[in-house]
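So the sequence shown is numbered by my numbering: it starts at -3 and just counts up by one.
For each residue, glycine too, the CB sits at the ideal point set by N, CA and C.
Everything numeric in this text was worked out from a predicted model, so none of it was measured.
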Amino acid sequence: MNVAVLGVGGRGRDLTRRCVRAGHEVRLYANDANAVMDAVDTVDQTLDVPVTDYVTGTTDLHSAVDGAALVADATDGDTGRRRELLAEVETAIGDETLVATGDATVSVTAVAAGLQTPGRAVGINFLDSTDPPLVEVVLAEQTTTNARDRATAFVRGLDCVPVIVGDGPGFAGARLELAAVAEAIRMVEAEVASIPDIDRVATRGADRGGPLARADELGLDAVLDSLAVLSSRLGPQFDPPDLLRRAVDAGRLGASTGEGFYVWTNGRPDEPSDLNPTLTGRSPDRDN
-3 MNVAVLGVGG
7 RGRDLTRRCV
17 RAGHEVRLYA
27 NDANAVMDAV
37 DTVDQTLDVP
47 VTDYVTGTTD
57 LHSAVDGAAL
67 VADATDGDTG
77 RRRELLAEVE
87 TAIGDETLVA
97 TGDATVSVTA
107 VAAGLQTPGR
117 AVGINFLDST
127 DPPLVEVVLA
137 EQTTTNARDR
147 ATAFVRGLDC
157 VPVIVGDGPG
167 FAGARLELAA
177 VAEAIRMVEA
187 EVASIPDIDR
197 VATRGADRGG
207 PLARADELGL
217 DAVLDSLAVL
227 SSRLGPQFDP
237 PDLLRRAVDA
247 GRLGASTGEG
257 FYVWTNGRPD
267 EPSDLNPTLT
277 GRSPDRDN
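Encoded structure:
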């Protein structure tokens, strides 16, 4: 299959890598030639086959998408910019080309509204830290059954597990994750348990990051922004906790700044920060 990947950030590079491993030919597009070359080099370092056998970098949008069976928007644009980009793409692709966009902050339905054939649009959103990899196949209001089935088959061909979800705020993965993060932060505020113990309980002791470590990884500023969006669209259960606002206002953004709910050392959560509640038993003279 010929796949056009638009965008050379983390999502674009990851999708390119997965496509190459599945045997697809990829045209990787961005406006900046140096950024394209850097992305191709980065992908090459993670593959066991020569990337030049499968990947062509380009700054020409029309040549990138010409003849593609699937065009995947992996840019960082907002809804308006994605809609404009894919409307231009549609002038250079065939009637059967599938158009995919993937970002839990953007409505696939709103992006698809800019297409002459909106039924070809679908969302493809990779969920982090899952094994096997889970991928949300997001159905816009306009998505046809044919587009759904083709997108699902594409995801399976990448050795990933497709999860069909509707086009709602945060899709399924981000909505569930942010709900867990918000509740975990409220538990820190209420001194229910320590930061590490809340994460241990959330993961049932499994060796993976809990919601507070995950919040640090995502960036507390990004978590705050995402919760604010979900709160405005879904209700007060997603209201950002005051403790989160205070941490962001203080510049404590998580792993990127070295401290959030944890102190981070060499990319790992080393110990809880001073946001950690102090839990003590009763003093001896009050036991009776």
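Take the alpha-carbon of Gly76 and the one of Leu2: they are about 16 Å apart.
Secondary structure at Val45: coil, using DSSP grouped into helix, strand and coil. Annotated as distal: Val61 and Ala96, with beta-carbon spacing of 8 Å or more.
Nearest Cα to Ala175 within the set Ala202, Leu208, Leu81 and Arg79: Leu208. With a beta-carbon spacing of about 5 Å, Ala251 and Trp260 fall inside the 8 Å limit used to define contacts. Check the Cα spacing between Gly73 and each of Val67, Leu81 and Leu66: the tightest is with Leu81. By the criterion of a C-beta distance shorter than 6 Å, Phe234 is surrounded in its chain by Leu223, Leu226 and Ser227, once the five residues flanking it on both sides are discounted. Per DSSP, the continuous beta strand (DSSP E) segment holding Arg23 begins and ends at Glu21 to Tyr25. Close CB contacts of Pro268 within its chain, under the 8 Å cut and outside five residues either way in sequence, are with Ser190, Ile191, Pro192, Phe257, Tyr258 and Val259 (chain order).
Just measuring C-alpha positions, the residue of Glu185, Asn121, Cys156 and Thr140 sitting nearest Pro237 is Glu185.
Gly53 is positioned such that its CB atom lies closer than 8 Å to that of Leu24. Each of Ile120, Asp270 and Pro232 was checked against the Cα of Glu132, and the nearest Cα belongs to Ile120. Listed as beta-bridge partners of Asp69 by DSSP are Leu2 and Thr97.
Taking 8 Å as the cut-off, the Cβ atoms of Val104 and Asp163 count as close. Note on Thr71: 16 or more other CB atoms within 10 angstroms of its CB, so buried under the neighbour-count rule.
Around the Cβ of Leu172, a 10 Å sphere holds fewer than 16 other Cβ atoms; the residue is exposed. Annotation for Asn142: the continuous alpha helix (DSSP H) segment containing it runs Thr141 to Gly153.
DSSP places Leu240 inside the alpha helix (DSSP H), whose first and last residues are Asp238 to Asp245.
Runs of the beta strand (DSSP E) spanning 3 or more residues and lying entirely within the stretch 187 to 232 do not occur at all.
Contact between Pro165 and Arg229 holds: their C-beta atoms lie close to 4 Å from each other, under 8 Å.
By the criterion of a C-beta distance shorter than 8 Å, Glu255 is surrounded in its chain by Arg248 and Ser269, once the five residues flanking it on both sides are discounted. Check the Cα spacing between Val47 and each of Leu240, Val177 and Met33: the tightest is with Met33. In this chain, the beta strand (DSSP E) harbouring Ile160 covers Val157 to Gly162.
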